[in-house]
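Worksheet: one structure, shown below.
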Amino acid sequence: MSLLRLDKLLADAGLGTRSQVKLLLKKGLVTVNGEPARRPEQKVDPEADRIACDGTILSRQKFFYYLLNKPAGYVSATEDNTAPTVLSLLKDAPGRDLFPAGRLDKDTEGLLLITNDGPLAHRLLSPRHHVDKTYLVKAAGILTADDLARLEDGIDIGEKTPTLPAKARLLAPRTGASPEAPSLPGTEDGQEVSLVELTIHEGKFHQVKRMFQALGKPVLYLKRISMGSLVLDESLAPGAFRALTEDEIASLKRF
Ligand code: URA
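So for the sequence shown, this note's numbering puts the first residue at 1446; every next one is plus one.
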């Protein structure tokens, strides 16, 4: 792709005349790949460079990044014959060849990165990189200190080796019927449940469910709340998505 002058690209994108665009550059409002750009004559590649003005990414970008709050009932795939896919929730979003970077089970909710940046997705998902993933887990029964220690030390889930050490924080050992019980789906009235924040550094198939199953305290509800530096935006209703900010993209690329 041929290179263009930054001021021309910004003017062509409708941000004003060349002199108005120069003012935006001077104010430091324009970034190229996350770095402030001030020189109108800077050469950019509209296909490869990510150009933003005041935090809004301009449309001629090649890679797109979305944070989806995945609802239960959707499969983490681009196509499926039996259930709606997460991609169907983004059908009006700009960007070609989008795919989910990673998988959440059909009944799992929460943070899913949707992108068309293959190299970035590959890095984030590579077992070598051990990107942290944090889940809110509601499990049947009351978790003991020993259960938490087993989660943290590594637990046998039927693989060759135990899971890697994790971080487990008990948020609520209480009964589903108590007035302060969190109103999350999956609780029968009166059933004892525990609410745990669990951070793991790997992504084996059904890993969280298998870890709790190994404790004899099956998962009733599962929601991912962060992956690496990306945190689920609680203002996003299940099924809603938004474009990542420049800062979020830049921190993901640091992995
Ligand atoms: N672990 C699971 O068991 N399920 C998910 O969806 C994600 C992590």
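Ideal placement from N, C-alpha and C gives every residue a C-beta, glycine not left out.
If you draw a straight line from the C-alpha of residue i to the C-alpha of residue j, how long is it?
| i | j | result |
| --- | --- | --- |
| Ser1464 | Gly1555 | 44 Å |
| Val1664 | Leu1474 | 46 Å |
| Ala1682 | Val1489 | 36 Å |
| Thr1501 | Val1477 | 12 Å |
| Lys1698 | Tyr1510 | 12 Å |
| Asp1550 | Glu1486 | 48 Å |
| Glu1691 | Ala1497 | 8 Å |
| Val1582 | Glu1647 | 16 Å |
| Thr1462 | Arg1495 | 21 Å |
| Leu1615 | Ala1546 | 28 Å |
| Asp1592 | Val1466 | 59 Å |
| Asn1514 | Leu1609 | 27 Å |
| Asp1525 | Leu1535 | 15 Å |
Within its chain, find whatever has a CB closer than 6 Å to the CB of residue i; leave out the 5 residues flanking it on each side and keep chain order.
| i | result |
| --- | --- |
| Ile1587 | Pro1618, Glu1637, Ser1639 |
| Arg1483 | Leu1470 |
| Ser1671 | Thr1579 |
| Ala1458 | Leu1503 |
| Lys1662 | Ala1584, Ala1585, Gly1586 |
| Gly1479 | Glu1691, Ala1695 |
| Tyr1519 | Pro1529, Val1531 |
Relative to ligand 1, is the shortest distance from any of its heavy atoms to the C-beta of residue i smaller than 7 Å?
| i | result |
| --- | --- |
| Asp1562 | no |
| Asp1591 | no |
| Ser1550 | For the sequence presented, residue 1550 should be read as Asp rather than Ser. Because some heavy atom of ligand 1 lies under 7 Å away, the Cβ of Asp1550 counts as near it: yes. |
| Thr1530 | no |
| Gln1465 | no |
| His1703 | For the chain, the structure presents residues 1446 to 1700; residue 1703 sits outside this window and is missing. |
| Val1641 | no |
Counting C-beta neighbours from all protein chains within 10 Å, is the total for residue i 16 or more, i.e. buried, or is it exposed?
| i | result |
| --- | --- |
| Ala1685 | exposed |
| Pro1630 | Here the model assigns Pro1630 a pLDDT of 48, short of 50, so the residue's position is not dependable, and the following value carries that caveat. Classification of Pro1630: exposed, given that the 10 Å Cβ count is below 16. |
| Ser1434 | Because the chain is modelled from 1446 through 1700, residue 1434 falls outside the range shown and cannot be assessed. |
| Ala1493 | exposed |
Starting from the C-beta of residue i, find all residues in its chain whose C-beta is less than 8 Å away, skip the five residues before and the five after it, and write them out in chain order.
| i | result |
| --- | --- |
| Arg1655 | Ile1602, Gly1603, Lys1649 |
Could you name the residues of the same chain whose beta carbon sits closer than 7 Å to that of residue i, not counting the 5 residues immediately before and after it, in chain order?
| i | result |
| --- | --- |
| Leu1596 | Ala1611, Ala1613, Leu1643, Met1656 |
> Mind pulling the alpha helix (DSSP H) runs of 4 or more residues that sit fully within the segment 1610 to 1698?
Replying inline: Listed in chain order, they are 1652 to 1660, 1691 to 1698.
>> Restricting to runs no shorter than 4 residues, where is the alpha helix (DSSP H) found entirely within the segment 1538 to 1617?
In response: Within the segment 1538 to 1617, the complete alpha helix (DSSP H) runs of at least 4 residues are 1563 to 1570, 1590 to 1598.
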